[in-house]
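Q: Following this note's numbering, the numbering of the sequence shown begins with 2 at its first residue and continues without gaps. No residue lacks a Cβ here, since even glycine has one placed at the ideal position from N, Cα and C. Treat the numbers as computed from the prediction; the structure is a model and nothing was measured. Take a look at this one; I'll ask things after.
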Amino acid sequence: MALLAVAGFAPLPYSVARPGQTTDVLGPYGGDEVINISGAPVRKTSGQLRMVAIQATAPRVDIRLADVIGGYFRADRAVMPKEAVFPPGASDAQVAAHNTADMKKSQNAAVAAALGFLKKDPDRVKVKLKLDDVGGPSAGLLFALGIVDKLDGDGGGGSGSRDGGGDLTGGRKIAGTGTIDADGAVGAVGGVALKAQAARRDGASVFLVPKAECESLRDAPDGLRLIPVTTLKGAVHALRELDNGGPVPAC
Numbered sequence: 002m003a004l005l006a007v008a009g010f011a012p013l014p015y016s017v018a019r020p021g022q023t024t025d026v027l028g029p030y031g032g033d034e035v036i037n038i039s040g041a042p043v044r045k046t047s048g049q050l051r052m053v054a055i056q057a058t059a060p061r062v063d064i065r066l067a068d069v070i071g072g073y074f075r076a077d078r079a080v081m082p083k084e085a086v087f088p089p090g091a092s093d094a095q096v097a098a099h100n101t102a103d104m105k106k107s108q109n110a111a112v113a114a115a116l117g118f119l120k121k122d123p124d125r126v127k128v129k130l131k132l133d134d135v136g137g138p139s140a141g142l143l144f145a146l147g148i149v150d151k152l153d154g155d156g157g158g159g160s161g162s163r164d165g166g167g168d169l170t171g172g173r174k175i176a177g178t179g180t181i182d183a184d185g186a187v188g189a190v191g192g193v194a195l196k197a198q199a200a201r202r203d204g205a206s207v208f209l210v211p212k213a214e215c216e217s218l219r220d221a222p223d224g225l226r227l228i229p230v231t232t233l234k235g236a237v238h239a240l241r242e243l244d245n246g247g248p249v250p251a252c
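Here you go:
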């Protein structure tokens with residue numbers, strides 16, 4: 002009994018994650034637009050493209066046995082080994098710096114992928130992304146889609162059209178997650194089940210998810226349509242078909 006009592010109060014090497022914030026990359030954040038574009042006509046958009054985050058307890062936070070047990074029985078919590086969430090041995094400041102660096106790389110890749118998809122000259126079209134207090138690489142896909150929507154919408158306006166046809170969102174609240182590389186390939190991320198909960202909580206009706214993560218979303222929230230993607234091109238095509246009533250992939 003003494004050993005059990007000690008185990009109950011001893012810190013454990015886990016982190017508890019929960020649904021975090023969602024942010025519309027088509028809108029303002031912290032007093033400025035998330036996506037700022039110069040060197041090309043920019044569309045006025047409607048609808049939302051919401052990137053989604055999870056919130057995990059910091060490395061310095063002690064997790065007790067009760068936290069682990071409580072997290073196991075709650076659908077809106079996930080208990081994970083700290084080393085699966087944070088670099089081993091890193092302080093809170095080092096984790097923040099690591100996440101910021103990952104976000105910056107993700108933003109650069111998203112710009113390259115979007116401009117490459119639209120065949121825009123990166124020496125003429127300049128894109129600045131501002132979302133400083135959310136770290137990690139998992140917003141890459143949504144950043145890229147936001148750039149595409151602001152420059153080209155659903156592609157129905159033809160080359161050089163200021164309106165660019167209709168909105169890529171179709172006026173919907175669309176959320177999603179996924180890394181992206183400069184060639185537009187979408188990669189897997191962590192915590193997709195929690196992110197789906199955050200997306201539905203904040204009013205999204207569609208959730209774009211890396212195809213490899215579909216298995217993690219068997220218990221997705223009611224009313225949230227899951228669309229698996231593997232590339233930026235595929236994500237754009239799926240959103241166009243969704244608005245046109247065409248065939249759209251599903252998890």
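What span of residues does the alpha helix (DSSP H) with A236 cover, start to end?
A: The residue given as residue 236 occupies position 235 in the sequence shown. Where A236 is concerned, the enclosing alpha helix (DSSP H) stretches over L233 to N245.
Q: Could you check how far apart the C-beta atoms of I64 and S16 are, in whole angstroms? I think they sit under 8 angstroms.
A: Locating residue 64 in the sequence shown gives position 63, where the first residue counts as 1. Locating residue 16 in the sequence shown gives position 15, where the first residue counts as 1. With a Cβ gap of about 7 angstroms, I64 and S16 count as contacting.
Q: Report the three-state DSSP secondary structure of A194 (helix, strand or coil).
A: Against the sequence shown, residue 194 aligns to sequence position 193. In the three-state reduction of the DSSP assignment, A194 falls in the helix class.
Q: Looking at C-alpha atoms only, which residue of V193, N109 and A213 is the closest neighbour of P272?
A: Because the chain in this structure spans residues 2 to 252, residue 272 falls outside the shown range and cannot be described.
Q: Can you have a look at G141 and say buried or exposed, based on whether 16 or more other CB atoms are within 10 angstroms of its CB?
A: For the purposes of this step, residue 141 is taken as residue 140 along the sequence shown, with counting starting at 1. Counting Cβ neighbours within 10 Å, G141 comes out buried, since at least 16 surround it.
Q: Relative to the C-alpha of R44, which candidate in N245, G154 and D25 has its C-alpha closest?
A: Residue 44 sits at position 43 when you count from the first residue of the sequence shown. It is G154.
Q: Considering only their Cβ atoms, is the gap separating D184 from A114 smaller than 8 angstroms?
A: Mapped onto the sequence shown, residue 114 falls at position 113. Mapped onto the sequence shown, residue 184 falls at position 183. Yes, Cβ-Cβ distance for A114 and D184 is below 8 angstroms.
Q: Could you give the C-beta distance for R241 and V207, rounded to a whole number, given that I count them as a contact under 8 angstroms?
A: Within the sequence shown, the letter at position 240 stands for residue 241. Within the sequence shown, the letter at position 206 stands for residue 207. Not really, about 13 angstroms apart at Cβ, beyond 8 angstroms.
Q: Got a sec? Which residues, its chain only, sit under 6 angstroms from D244 by beta carbon, not counting five neighbours each side?
A: Residue mapping note: residue 244 aligns to position 243 of the sequence shown, counting from 1. Once the five neighbours on either side are set aside, the close Cβ partners of D244 are G171.
Q: Given this structure, state the Cα-to-Cα distance separating H238 from A98, to the nearest angstrom.
A: Taking the sequence shown and counting its residues from 1, one reaches residue 238 at position 237. Taking the sequence shown and counting its residues from 1, one reaches residue 98 at position 97. Whole-angstrom Cα-Cα distance: 35 angstroms.
Q: List the DSSP bridge partners of P229.
A: Along the sequence shown, read from residue 1 onward, the residue named residue 229 stands at position 228. P229 is bridged to V210.
Q: Report the CB separation of I36 from I148 in whole angstroms; it is logged as a contact under 8 angstroms.
A: On the sequence shown, position 35 is the one that residue 36 refers to. On the sequence shown, position 147 is the one that residue 148 refers to. About 6 angstroms; that satisfies the 8 angstroms criterion.
Q: Using CA atoms only, rank isn't needed, just tell me which of A251, A200 and G246 is closest to A213.
A: Here the question's residue 213 lines up with position 212 in the sequence shown. Nearest C-alpha to A213: A251.
Q: For the beta strand (DSSP E) that contains G147, what are its first and last residues?
A: Walking along the sequence shown from the start, residue 147 turns up at place 146. Per DSSP, G147 is not a residue of any beta strand (DSSP E); the alpha helix (DSSP H) it occupies stretches across G141 to D153.
Q: Tell whether a beta-carbon distance below 8 angstroms holds between D150 and L27.
A: Reading the sequence shown from its first residue, position 149 is the one you call residue 150. Reading the sequence shown from its first residue, position 26 is the one you call residue 27. Cβ distance < 8 angstroms, so D150 and L27 count as in contact.
Q: Are the CB atoms of Y30 and L132 within a distance shorter than 8 angstroms?
A: Counting from 1 along the sequence shown, the entry for residue 132 is found at position 131. Counting from 1 along the sequence shown, the entry for residue 30 is found at position 29. Yes, these two residues count as a Cβ contact at 8 angstroms.
Q: In chain order, what residues of the same chain lie with their CB nearer than 6 angstroms to the CB of G48, ignoring the 5 residues before and after it?
A: Counted from its first residue, the sequence shown places residue 48 at position 47. Cβ within range, chain order: D168, T170, G172 and R173.
Q: Return the Cβ separation of A41 and K121 in integer angstroms, given the expectation that the two are a contact with Cβ distance under 8 angstroms.
A: Taking the first residue of the sequence shown as 1, we reach residue 41 at position 40. Taking the first residue of the sequence shown as 1, we reach residue 121 at position 120. Correct: roughly 7 angstroms between the Cβ atoms.
Q: Taking all protein chains shown into account, decide if Q95 is buried (16 or more other Cβ within 10 angstroms of its Cβ) or exposed.
A: Here residue 95 refers to the residue found at position 94 of the sequence shown. Taking a 10 Å sphere around the C-beta of Q95, we find fewer than 16 other C-beta atoms and assign the residue as exposed.
Q: DSSP on K45, reduced to helix/strand/coil?
A: On the sequence shown, position 44 is the one that residue 45 refers to. Of the three classes helix, strand and coil, the one that applies to K45 here is coil, per DSSP.
Q: Rounded to whole angstroms, what's the CA-CA distance from K127 to P14? Just pull it up for me.
A: Stepping through the sequence shown from its first residue, residue 127 is reached at position 126. Stepping through the sequence shown from its first residue, residue 14 is reached at position 13. Looking at the two C-alpha atoms, the distance is approximately 44 angstroms.
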